[in-house]
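Reviewing the structure listed below.
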Amino acid sequence: MPELPEVETYRRFLDEVILHQPITAFEVRDAHVLGTDEDTLRQRLVGQHVTGTRRIGKNCFLELSDGSALALHFGMTGDVNAYRYDHDAPRFTRVALHLADGMRVAFIDPRKFGRIRHAESVDHYQKAKKLGPDALEVTAAHLQQKLGAKKMMIKPLLLDQSITAGLGNWIVDEVLFQAKIHPERRANSLTGKDFTALQAAIQLVLSTAIGHEATYRHFPASFLIHAREWDDSATPGTEQHRFCPRHPKVEIEKSYVGGRATYICPRCQPAPSAIE
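When you number the sequence shown by my numbering, it's gap-free, plus one each residue, and the end is 289.
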């Protein structure tokens, strides 16, 4: 599923291929991914050009010359690519924007859970969808102000897109591991130091993921992600990826918090009963 790091990679790609190119045609191969009707999209897009790209959480935006925006949400399997000729169109291309230089930008989505919508503006879309600030821009003060009085467990709160936009399941686990906070800690038990550690961990995890263009096997061995049954690239040919990178004899534990698969180090992230 495309998370914030993948979407930021998509945004940067779009920034390179689509800026300031007049849109000459709006090609729809499968209207299932349209969140705004096809005729309206065609009327609002053709003749415009993209003046900039933005991202809020997992949402990517093409800002148009009339001040409105095209909002792209990638669902479970969405992606973008560019091609020039029909026979080069990527498999599962659902929509293509034709540009004046002959290039075409494809919205690809095998499972068709992604959506393309027209928005009055990026800010209007953010308010309508009740999205909080982007996770890369969130401050420790914001986290403490929004969460510090809540009695809920911290992990589900960090997954709430109205509080912080862009933190998915594996990212929250990684953030909590890096910040040494148990996912079942009640938010109101966290200190100012804890919120500072959370914000720093969010920056670390997201900047690392974006820097590696979301290629998780290239993440540092110090990251918990290698224990998520995905790969053993941090310690090839061994089972060491199943153990805490800080404490090589402590095995990573898997449980479910708020119905979501959750990975922790029991030594780095002491259970709430041990600290509250």
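Every residue, glycine too, gets a C-beta built ideally from N, C-alpha and C.
Exposure of residue i, with buried meaning 16 or more beta-carbon neighbours within 10 Å
i	result
GLN56	exposed
LYS262	exposed
GLU291	Residue 291 lies beyond the stretch modelled for the chain, which goes from 14 to 289, so this question has no answer here.
PRO196	buried
ARG97	exposed
GLN157	buried
ASP92	buried
THR251	exposed
LYS206	exposed
HIS254	buried
ARG107	buried
SER175	exposed
ASP147	buried
ASP122	buried
LYS267	exposed
THR177	buried
C-alpha distance - residue i paired with residue j, whole-angstrom precision
i	j	result
PRO283	ILE194	7 Å
GLN191	LYS140	31 Å
PHE120	GLY161	40 Å
ASP114	THR37	9 Å
HIS239	ASP136	36 Å
LEU32	HIS131	18 Å
THR49	LEU171	30 Å
GLY127	PHE105	12 Å
ALA222	HIS155	23 Å
PHE26	GLY145	24 Å
LEU75	THR204	39 Å
VAL218	ASP28	23 Å
ILE265	PRO258	9 Å
PRO35	VAL59	8 Å
LEU149	GLN216	6 Å
Limits of the unbroken alpha helix (DSSP H) element including residue i
i	result
GLU266	Taken as a continuous stretch (DSSP letters only), GLU266 belongs to no alpha helix (DSSP H), being part of the beta strand (DSSP E) at 266-270.
THR221	205-224
PHE26	17-30
VAL185	182-192
ARG57	51-58
ILE167	167-172
Opening and closing residue of the beta strand (DSSP E) in which residue i lies
i	result
PHE74	72-77
THR106	106-112
ALA38	36-41
LEU85	82-86
LEU121	Sequence check: residue 121 is Ile here, not Leu. Unbroken beta strand (DSSP E) run through ILE121: 117-121.
THR66	63-69
ASN201	Element bounds for ASN201: n/a, residue is neither H nor E.
Candidates the options, of which the one nearest residue i by Cα
i	options	result
VAL41	LEU32, GLN34, GLU51, HIS33	GLU51
HIS86	ALA102, ARG117, TYR96, GLU19	GLU19
SER134	CYS278, CYS73, HIS254	CYS73
LEU83	ILE69, LEU171, ARG273, CYS281	ILE69
PRO285	ARG198, LEU237, ALA274, LEU112	ARG198
SER202	GLN212, ASP173, GLU76, MET165	MET165
ALA213	HIS45, VAL188, SER235, MET89	VAL188
VAL270	GLY205, CYS281, ILE167, GLN216	ILE167
THR275	ASN182, SER220, PHE232, GLY88	ASN182
VAL30	LEU110, GLU150, PHE232	LEU110
PHE208	ALA153, PRO233, ASP173	ALA153
THR66	ARG24, ALA200, ASP173	ARG24
ARG280	ASP186, HIS260, ALA44, ARG230	HIS260
GLY88	MET14, VAL151, MET116, LEU211	MET14
Which runs of the beta strand (DSSP E) spanning at least 3 residues fall entirely within the stretch 126-163, listed in chain order?
128-132
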